[in-house]
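Novice:
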Amino acid sequence: SQTIHQWPATLVQPVGSPLSLECTVEGTSNPNLYWYRQAAGRGLQLLFYSVGIGQISSEVPQNLSASRPQDRQFILSSKKLLLSDSGFYLCAWSVLVTNNEQFFGPGTRLTVL
Amino acid sequence: SQQGEEDPQALSIQEGENATMNCSYKTSINNLQWYRQNSGRGLVHLILIRSNEREKHSGRLRVTLDTSKKSSSLLITASRAADTASYFCATMEYGNKLVFGAGTILRVKS
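The listed protein sequences derive, respectively, from chains Y and U.
What the first sequence shows, in this note's numbering, is residues 44 to 156, in sequence order.
What the second sequence shows, in this note's numbering, is residues 89 to 198, in sequence order.
#1: Identify which residue in U/Ser127, U/Arg129, U/Leu163 has its Cα closest to the Cα of U/Lys144.
#2: Mind listing, in chain order, the continuous beta strand (DSSP E) runs of no fewer than 3 residues lying wholly within the region 62-110 of chain Y?
#3: Pick out whichever of U/Asn106, U/Ala107, U/Tyr113, U/Glu103 has its Cα sitting closest to the Cα of U/Glu93.
#4: On a CA-only basis, which of Y/Leu126, Y/Val138, Y/Ala135, Y/Gly70 is nearest Y/Ala82? Give me that one, please.
#5: Say whether chain U places a C-beta atom closer than 8 Å to the C-beta of Y/Gly70.
#6: Along chain U, in chain order, which residues have C-beta atoms closer than 7 Å to that of Y/Arg111?
#7: So with CB distances below 9 Å, who are the chain Y contacts of U/Lys114?
#8: Residues of the region 67-91 of chain Y with a CB closer than 7 Å to any CB of chain U: list them in chain order, please.
#9: Find out if the Cβ-Cβ distance for the pair Y/Leu62, Y/Gln56 is shorter than 8 Å.
#10: Helix, strand or coil: which one does DSSP assign to U/Asp154?
#11: Give me, in chain order, the residues of the same chain whose beta-carbon lies closer than 6 Å to that of Y/His48; leave out the 5 immediate sequence neighbours on both sides.
#12: In whole angstroms, what separates the C-alpha of U/Thr152 from that of U/Phe176?
#13: Under 9 Å Cβ-Cβ, which residues of chain U neighbour Y/Gln116?
#14: If you run the structure through DSSP and keep just helix, strand and coil, what is Y/Asp114?
#15: Mapping DSSP to helix, strand and coil, what is Y/Leu126?
#16: Quick one: which unbroken beta strand (DSSP E) runs of 3-plus residues sit fully inside the region 111-155 of chain U? Chain order, please.
#17: Is U/Asn110 closer than 8 Å to U/Ser146 when the C-beta atoms are compared?
#18: I'd like to know if U/Leu153 contacts chain Y, where contact means its C-beta is closer than 8 Å to some C-beta of that chain.
#19: Looking at the strands, I want to know which residues DSSP matches up with U/Lys197.
What follows is the structure in structure tokens.
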């Protein structure tokens, strides 16, 4: 069966520090991968998605970047965090064939102080 | 950008009652999906309805889709305290991306 992992679960970082959040998927090959951010009490905002190794599409201009160094690994990064980067970050995957449901990881709660 | 807009924003009902949540969207879609999120957790997929379908059932869940009105509803029958969560609709246009609404917070009181 497929599983998706995210770590860390929670993170408190000072403004200006770097960030690296990791997401890995097991039990499937060639997944679509997604990074979302959820502000408190709000819906999800798509940040990045990837249809293959090294292929990253950015949805919104921001202080963050994403990379996909391996088929089932998706990394969200920042060189210098801003206060506005605080939020709940969710990774998700879907089968490469379109129009299927997405499967979400447990999320990372990021607080930038 | 937000496409799906849920209504109401919050709903509080007694255990055993039915809960109805609505979602409206703006563009043509391939399918519409409903997800559930327990507090502080990831989202769980509940049900997917395709643009050529009008109604779908899964256990105590019933979803309808009216593409002429660009709206969908999620009905949870015989609600339980464990149904307390946030519920999101998400629309998939013709591509790989889902666009989520802001969600409805459902509280089921026992």
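Heads up, the beta-carbon is just placed ideally off N, CA and C, and yes, glycines get one too.
Specialist: According to the data block:
#1: U/Leu163
#2: 62-69, 75-81, 87-95, 98-101
#3: The shortest C-alpha separation from U/Glu93 is found at U/Tyr113.
#4: Y/Leu126
#5: Closer than 8 Å: no.
#6: By Cβ distance, chain U contributes nothing, its closest Cβ being about 14 Å from Y/Arg111, past 7 Å.
#7: Near U/Lys114 there are no residues of chain Y at all, since even the closest Cβ is about 15 Å away, more than 9 Å.
#8: Correct list: Asn75, Arg85, Gly86, Leu87, Leu89.
#9: The answer is yes: Cβ separation under 8 Å.
#10: strand
#11: For Y/His48, same chain residues with a beta-carbon under 6 Å away, outside a window of 5 residues either side, are Thr67 in chain order.
#12: 15 Å
#13: Within chain U, not a single residue places a beta-carbon under 9 Å from that of Y/Gln116; the smallest gap is close to 18 Å.
#14: coil
#15: helix
#16: If we require 3 residues or more, the beta strand (DSSP E) runs fully inside the region 111-155 of chain U come out as 119-125, 131-138, 143-146, 149-154.
#17: no
#18: no
#19: U/Gln102
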